[in-house]
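**Q** The sequence shown begins at 1379 in the working numbering and counts up one residue at a time. For glycine and all other residues, C-beta sits at the position ideal for the given N, C-alpha and C. Small disclaimer: the values here were computed from a predicted structure and weren't measured.
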Amino acid sequence: MSKITVVGAGNVGATCANVLAHADIFNEVVLIDIQGNMAKGKALDTWQQAPIDHYSTRITGGDDYALTADSDIVVITAGIPRKPGMSRDDLIATNAKIVVSVTKSILQYTPNPIIIVVSNPLDVMTYACWKASGLPESRVLGMAGVLDTARYRAFLAEALDVSPKDIQAMLMGGHGDTMVPLPRFTTVSGIPVSELIDAAALDAIIQRTKVGGGELVNLMGTSAWYAPGAAAAQMAISIIKDEKRVVPACVRLTGQYGVNDVFVGAPVKLGRQGIVNIIELKLDEAETALLHQSAGAVKEIVDVLDTMNLI
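#1: If distances are taken between C-alpha atoms only, which option among D1501, C1507 and R1529 comes closest to K1475?
#2: Note down the Cα distance separating M1613 from L1648, rounded to an integer number of angstroms.
#3: Should Y1604 be labelled buried (16 or more other beta-carbon atoms within 10 Å of its own) or exposed?
#4: By a C-beta neighbour count over all protein chains shown, 10 Å radius and 16 as the cutoff for buried, is M1686 buried or exposed?
#5: Given this structure, state the Cα-to-Cα distance separating D1639 from L1631, to the nearest angstrom.
#6: Going by CA-CA distance only, name the one from I1618, V1518 and V1637 that's closest to I1382.
#7: Is the beta carbon of A1610 less than 7 Å from the beta carbon of M1521?
#8: My guess is that G1454 and V1495 are in contact by the Cβ rule of under 8 Å, so how many angstroms apart are they, rounded?
#9: Closest by CA to I1689, which one among S1511, Q1634 and S1516?
#10: Suppose the cutoff is 8 Å on Cβ atoms and the five residues either side in sequence are ignored; what does the same chain contact list for N1695 look like?
#11: Give every residue of the same chain whose Cβ lies closer than 6 Å to the Cβ of T1564, excluding the five residues on either side of it in the sequence, and list them in chain order.
#12: What is the DSSP secondary structure of G1592, counted as helix, strand or coil?
#13: Can you tell me whether T1393 is buried or exposed, with buried defined as 16 or more other CB within 10 angstroms of its CB?
#14: Counting C-beta neighbours from all protein chains within 10 Å, is the total for G1386 16 or more, i.e. buried, or is it exposed?
#15: Nearest CA to the CA of V1540: which residue from I1575, D1526, K1509 and L1519?
#16: Nearest-angstrom Cα distance between A1456 and A1537?
#17: What does the alpha-carbon distance come out to for the pair V1524 and A1444?
#18: Between the alpha carbons of N1405 and T1527, how many angstroms are there, rounded?
#19: Whose CA, out of L1485, K1660, E1593 and V1624, lies closest to the CA of S1449?
#20: With A1627 and L1534 assumed to form a contact (beta carbons below 8 Å), what rounded beta-carbon distance in angstroms separates them?
#21: Quick one, which of A1673, M1550, Q1651 and S1567 has its alpha-carbon nearest L1659's?
#22: Per DSSP, E1406 is paired with what?
#23: Let's see if you can read the secondary structure: which residues bound the alpha helix (DSSP H) around N1396?
#24: Can you look up K1475 in the DSSP assignment and give me helix, strand or coil?
#25: Is it buried or exposed, D1411, if we count other Cβ atoms within 10 angstroms and call 16 or more buried?
#26: Quick one: Cα of A1608 to Cα of R1531, how far?
#27: How should R1529 be labelled, buried or exposed, when 16 other C-beta atoms within 10 angstroms of its C-beta is the threshold for buried?
#28: Quick one: which unbroken beta strand (DSSP E) runs of 3-plus residues sit fully inside the segment 1552 to 1594? Chain order, please.
#29: Going by DSSP in three states, P1606 sits in which element: helix, strand or coil?
#30: Roughly how many angstroms separate the alpha carbons of A1673 and F1641, rounded to a whole number?
#31: Just confirm the distance between the C-beta atoms of I1679 and P1462, as a whole number of angstroms; I'd bet it's less than 8 Å.
#32: Grab the span of the alpha helix (DSSP H) containing V1682 for me, first residue to last.
#33: Let's test the definition: count the other Cβ atoms within 10 Å of the Cβ of P1645 and tell me whether it reaches 16, buried, or not, exposed.
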């Protein structure tokens, strides 16, 4: 029997739960939200979809964390978006309180889950969850790299007029403007992408990837949800199936790449116990400098959180 909890029944959480149900891998999906009827309703809607789309996963929802007992994996999407007039520090304080509260509530009923954090600002919230949980660093990770590489691959597929299925890519660093796409590790069916696109066009795609979330906010007036929800679900499925997939994820680096005690994006192998290992690529000087710059930006925000004494 396998069970997964998704905390937050907003657009991202509901999408994640729906994708997980369709995968038909977990026996049970639980959708939790402070608005219990909303979570219950979206879960019921997804369950009624099962006879149409042919899956057996049972999905339930509510606001009672007792429903989450004995979850193998927990996905945390809870939090609020930054509102007009809200400072960065206000957003950090508000969402950190939510993430810490959710983490402690989960641990009351499941002492040793694997937790995937989706709440923003992603890298800092992953740190907050890890610190509040007391779990080994291999069992707390953030979803950002899977989403960011998906955007990068989608843009490349469009530019090259090829299937996104054939594009493999890797990026590192923080989730946002300081992320570090790695063109040297980007291929199309094994062909280095640099052989298929000129440097200026590739750089334009990299820059678009860095602000990919902002582009969607400008179009819709709210954050994305289909791709983020699916990205978190993919990570959970890989873990529960012990697939040993290699993906970029927000993890605590402890000396790798010359970065210590910072949660930042890096390639990892995912397995049944969470992070099997962090993979160390041989970065060149320019790539290393960009990664250190990105990690430094994340560390600055973590330091702000630490001074708030919320954990």
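**A** Let me lay it out:
#1: C1507
#2: 8 Å
#3: exposed
#4: exposed
#5: 6 Å
#6: I1618
#7: yes
#8: It is Ile, not Gly, that sits at residue 1454 in the sequence shown. That belief holds up - the Cβ atoms of I1454 and V1495 are roughly 5 Å apart, short of 8 Å.
#9: With distances taken between Cα atoms, I1689 lies closest to S1511.
#10: Because the chain spans 1379 through 1689 in this model, residue 1695 falls outside it and cannot be assessed.
#11: A1547 and V1571
#12: helix
#13: By the neighbour-count rule (16 or more Cβ atoms within 10 Å), T1393 is buried.
#14: buried
#15: I1575
#16: A1456 and A1537 have their C-alpha atoms roughly 34 Å apart.
#17: 30 Å
#18: 29 Å
#19: Of L1485, K1660, E1593 and V1624, the residue nearest in Cα terms is L1485.
#20: Contact flag wrong, Cβ pair sits at about 21 Å.
#21: M1550
#22: DSSP output for E1406 lists K1381 and R1436 as bridge partner(s).
#23: N1389 to A1401
#24: Residue state, collapsed to three classes: helix.
#25: When all chains shown are included, D1411 counts as buried.
#26: For A1608 and R1531, the distance between alpha carbons rounds to 15 Å.
#27: buried
#28: none
#29: helix
#30: 8 Å
#31: Approximately 20 Å separates the beta-carbon atoms of I1679 and P1462; this is outside 8 Å, ruling out the contact.
#32: E1663 to T1685
#33: buried
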